[in-house]
Amino acid sequence: MLPDQQLLRIPGPTPIPPSVQRAMLHPMIGHRDQETKELLRKIKPKLKKVFETKEEIAILAGSGTAGLEAAVTNCTQPGDEVLVIVTGVFGERFAKICEAYQLNVHRIDVTWGKAVDTLDVENFLKGHPSIKAVFVTYCETSTGVLNPIQELSNIIHTNSDALFIVDGVSAVGGVQTKMDEWGLDLVVTGSQKALMLPPGLTFVAASKRAWEVIEKNNIPTFYLDLQKYRENILSDSTPFTPSISLLFGLNQVLDMFEKEGLENVYERHQLMKLMTREAFKAWNIPLLTRDSCASPTVTSVIPNDFNPDALRKTVKNDFNLVLAGGQQELKGKIFRIGHMGYCSPSDILQTISLIEIGLVKTGKNVMLGSGIAAAQKILTKEVK
Ligand SMILES: *Cc1c(COP(=O)(O)O)cnc(C)c1O
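This is how it looks when you write it as structure tokens:
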């Protein structure tokens, strides 16, 4: 085994493309230099295309959670009634942040592994007219569920005046996110998932409506004040020292997106999802999510006759293939395969092939080649 060849198939951090690594090696420059301004000027329009928004996007140095916290504090005031849709660990995190800011938190708790039923949200909103904001996770990374955010947005805007705030951390850049067209008010993402960068950047895109709320809001925050970021980005700068190296990387990632074409990026993710799911179906190993709400970026598997952590250990030891385990209530029950960012259908063939060997080694009775054939069939249809 090559000691430096790690096959990172977890839902973040994800592998970094070599050209992005090289871009990040750029010598350090001053954050008030013309060169940084030019870099931000190049980044801005390309980043807007990924969010499909015309509005300005705040770029903060921090992990995704800093972006979630910025969303909460900029759009609400203590005591506000909000609804958090909890479909897993990250919905739970949104709820905890809202509680930390002393909001009056209502929850819709959904069985982990399922997507929210939009009817439940509609009924809730009809009975709670004073809700100021609805929070949801686009891709719930802990389960691999993709929540129906376009439909949710319609329902929320038809039945309330609430802002619709979306955690898109493991989706944006891998799943289409038509922010303006769908009426999403705030979309947050981070650098280390589908954007194939190291951890350390978070992005907050806000709609016109959201900016109006934010402008009126008198909030006790300093570093996370989104208005500062908007004022600065309008003149191609940031209020504080940005992660300059990551910005060089980001510019390269956005160029890669343009070259591949965003539509093709999203199709590639769909294809990787299908290949992965078909393999497990062929092995008769249950998936946690249904086809109808399965995320293109991460797949959760819930085996009923072997220990998922034993399989993870085997493929890590034998092939340096890194899979993710379950979190919180799903710990020890599931494992998760990340297929987002710098990951291709060819990589998925390798992943499936190695998992197949891992399954045999851990004593699961699968036929070698059966899962890989199922994935190949998907790819064969696709490349014709
Ligand atoms: C990874 C992730 C986050 C952010 O986590 P950080 O560790 O703070 O970067 C938030 N939400 C979702 C859905 C995620 O997948």
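Per our numbering, residue 448 is the first one in the sequence shown, and the count goes up by one each step.
Quick reminder that beta carbons are idealized off the backbone N, C-alpha and C, glycines included.
Remember, predicted model here, so these are calculated numbers, not experimental data.
Chain D contact for isoleucine 666 (CB, 9 Å cutoff):
Note that chain D does not occur in the displayed structure, where there is just one protein chain.
Note the first and the last residue of the continuous alpha helix (DSSP H) segment covering arginine 656.
Locating residue 656 in the sequence shown gives position 209, where the first residue counts as 1. It spans 655-663 - the alpha helix (DSSP H) in which arginine 656 sits, taken as one unbroken run.
According to DSSP, which residues form a beta bridge with cysteine 522?
Numbered from 1 along the sequence shown, position 75 holds the residue referred to as residue 522. DSSP, once it has assigned bridges, lists no residue as partnering cysteine 522.
Can you tell me whether aspartate 556 is buried or exposed? The criterion is at least 16 other CB atoms within 10 Å of its CB, across all chains shown.
Position 109 of the sequence shown, counting from 1, holds the residue named residue 556. With fewer than 16 Cβ atoms within 10 Å of its Cβ, aspartate 556 is classed as exposed.
Is glutamine 639 near ligand 1 - that is, is its Cβ less than 8 Å away from at least one heavy atom of it?
For the purposes of this step, residue 639 is identified with residue 192 of the sequence shown, where counting begins at 1. Yes; taking the cut-off as 8 Å, the Cβ of glutamine 639 has a heavy atom of ligand 1 nearer than that.
Less than 9 Å between the beta carbons of glutamine 468 and valine 769, yes or no?
By 1-based counting over the sequence shown, the position of residue 468 is 21. By 1-based counting over the sequence shown, the position of residue 769 is 322. With a cutoff of 9 Å on beta-carbon distance, glutamine 468 and valine 769 are scored as not near each other.
Residue interval of the beta strand (DSSP E) (run including arginine 554)
As a working note, residue 554 is residue 107 in the sequence shown. Residues 551-556.
Identity of the residue in Val619, Glu528, Leu694, Gln623 nearest glutamate 485 by Cα:
By one-based count along the sequence shown, residue 485 stands at place 38. That would be Leu694, whose Cα lies nearest to the Cα of glutamate 485.
Starting from the Cα of leucine 631, find the closest Cα among Lys720, Thr649, Ile602 and give me that residue.
Here the question's residue 631 lines up with position 184 in the sequence shown. Comparing Cα-Cα distances from leucine 631 to each of Lys720, Thr649, Ile602, the minimum goes to Ile602.
Alpha carbon to alpha carbon, how far is glycine 647 from proline 460? Give it in angstroms, no decimals.
Counted from its first residue, the sequence shown places residue 460 at position 13. Counted from its first residue, the sequence shown places residue 647 at position 200. If you take the alpha carbons of proline 460 and glycine 647, they lie about 11 Å apart.
Threonine 605 burial status per 10 Å Cβ neighbour count (16 or more: buried):
Within the sequence shown, numbered from 1, the residue matching residue 605 stands at position 158. It counts as exposed.
Identity of the residues DSSP links to alanine 508 by a beta bridge:
On the sequence shown, residue 508 is found 61 positions in, with the first residue counted as 1. The secondary-structure analysis by DSSP pairs alanine 508 across a beta bridge with Leu648.
Under the three-state DSSP convention, the category valine 536 falls into:
Walking along the sequence shown from the start, residue 536 turns up at place 89. Three-state DSSP puts valine 536 in a helix.
Counting only the same chain and skipping the five closest in sequence on each side, list residues whose C-beta sits under 7 Å from that of lysine 489.
The count along the sequence shown starts at 1 and reaches residue 489 at position 42. Asn698.
Between which two residues does the beta strand (DSSP E) holding leucine 633 run?
In the sequence shown, counting from the first residue as 1, residue 633 sits at position 186. Segment 633-637, the beta strand (DSSP E) holding leucine 633.
Buried or exposed: where does methionine 475 fall if 16 or more other Cβ atoms within 10 Å of its Cβ makes it buried?
Along the sequence shown, one-based indexing puts residue 475 at 28. Answer is exposed; the Cβ neighbour count stays below 16.
Buried or exposed, going by whether 16 or more other CB atoms sit within 10 Å of the CB of leucine 566?
If you number the sequence shown from 1, residue 566 lands on position 119. When all chains shown are included, leucine 566 counts as exposed.
Distance between beta carbons of valine 635 and glycine 514, contact taken as under 8 Å:
To locate residue 514, count along the sequence shown from 1; it is residue 67. To locate residue 635, count along the sequence shown from 1; it is residue 188. That belief holds up - the Cβ atoms of glycine 514 and valine 635 are roughly 4 Å apart, short of 8 Å.
Relative to the C-alpha of glutamine 717, which candidate in Leu701, Phe571, Ser742, Ala653 has its C-alpha closest?
Position 270 of the sequence shown holds residue 717. For the residues Leu701, Phe571, Ser742, Ala653, the minimum Cα distance to glutamine 717 belongs to Ser742.
DSSP state of glutamate 710, grouped into three classes?
By one-based count along the sequence shown, residue 710 stands at place 263. Per DSSP, reduced to three states, the secondary structure at glutamate 710 is helical.
Could you tell me whether the Cβ atoms of isoleucine 612 and valine 519 are closer together than 9 Å?
The residue you call residue 612 lines up with position 165 of the sequence shown. The residue you call residue 519 lines up with position 72 of the sequence shown. Yes. Within cutoff.
Uninterrupted alpha helix (DSSP H) stretches inside the segment 659-740 (no shorter than 4 residues):
List check, alpha helix (DSSP H) in window: 673-681, 691-707, 709-730.
Given a cut-off of 9 Å, decide if leucine 644 and alanine 618 are closer than it, judged by their beta-carbon atoms.
Residue numbering aside, residue 618 sits at position 171 when the sequence shown is read from its first letter. Residue numbering aside, residue 644 sits at position 197 when the sequence shown is read from its first letter. In this structure, leucine 644 does not lie closer than 9 Å to alanine 618 by Cβ.
Simplified DSSP state of cysteine 586, which is helix, strand or coil:
Residue numbering aside, residue 586 sits at position 139 when the sequence shown is read from its first letter. Note: cysteine 586 maps to strand in three-state DSSP.
Under the rule that 16 or more other beta-carbon atoms within 10 Å means buried, what is leucine 472, buried or exposed?
As a working mapping, residue 472 is identified with position 25 in the sequence shown. Answer is exposed; the Cβ neighbour count stays below 16.
What are the boundary residues of the alpha helix (DSSP H) that glycine 574 is part of?
Against the sequence shown, residue 574 aligns to sequence position 127. Here the alpha helix (DSSP H) through glycine 574 covers 565-574.
Backbone CA spacing between proline 576 and leucine 734 [nearest angstrom]:
Start at 1 with the first residue of the sequence shown, and residue 576 comes out as number 129. Start at 1 with the first residue of the sequence shown, and residue 734 comes out as number 287. In a straight line, the C-alpha of proline 576 is about 38 Å away from that of leucine 734.
Where does the unbroken beta strand (DSSP E) through valine 467 begin, and where does it stop?
Position 20 of the sequence shown, counting from 1, holds the residue named residue 467. Segment 465-471 is the alpha helix (DSSP H) holding valine 467; no beta strand (DSSP E) there.
Opposite phenylalanine 541 in the DSSP bridges: which residues?
To locate residue 541, count along the sequence shown from 1; it is residue 94. The bridge partners DSSP lists for phenylalanine 541 come to none.
Pick from Gly785, Phe766, Asn767 that is closest to glycine 773, judged by C-alpha positions
Position 326 of the sequence shown, counting from 1, holds the residue named residue 773. Closest by alpha carbon: Gly785.
Please identify the residue among Lys625, Asp765, Pro686, Arg554 whose C-alpha is closest to the C-alpha of glycine 805.
Residue 805 sits at position 358 when you count from the first residue of the sequence shown. The shortest CA-to-CA distance from glycine 805 to any of Lys625, Asp765, Pro686, Arg554 is the one to Asp765.
Would you call the CB atoms of isoleucine 504 and valine 651 closer than 9 Å?
Position 57 of the sequence shown, counting from 1, holds the residue named residue 504. Position 204 of the sequence shown, counting from 1, holds the residue named residue 651. Taking 9 Å as the Cβ cut-off, isoleucine 504 and valine 651 qualify as a contacting pair.
Leaving out five residues on either side along the sequence, give the residues of the same chain with a beta carbon under 7 Å from the beta carbon of glutamate 776.
Taking the sequence shown and counting its residues from 1, one reaches residue 776 at position 329. For glutamate 776, where only same-chain residues beyond five positions count, the Cβ hits under 7 Å are Trp559.
Below 8 Å on the Cβ atoms is my contact criterion, and I expect histidine 553 with valine 533 to pass it. Report the Cβ-Cβ distance as a whole number of Å.
Here residue 553 is taken as the residue at index 106 of the sequence shown, counted from 1. Here residue 533 is taken as the residue at index 86 of the sequence shown, counted from 1. Rounded, the Cβ-Cβ distance is 11 Å, inconsistent with contact.
Between the CA atoms of aspartate 702 and glutamate 502 - distance to the nearest angstrom:
For the purposes of this step, residue 502 is taken as residue 55 along the sequence shown, with counting starting at 1. For the purposes of this step, residue 702 is taken as residue 255 along the sequence shown, with counting starting at 1. Looking at the two C-alpha atoms, the distance is approximately 20 Å.
Among all the DSSP beta bridges, which residues are the ones paired with phenylalanine 611?
Within the sequence shown, numbered from 1, the residue matching residue 611 stands at position 164. DSSP output for phenylalanine 611 lists Val581 as bridge partner(s).
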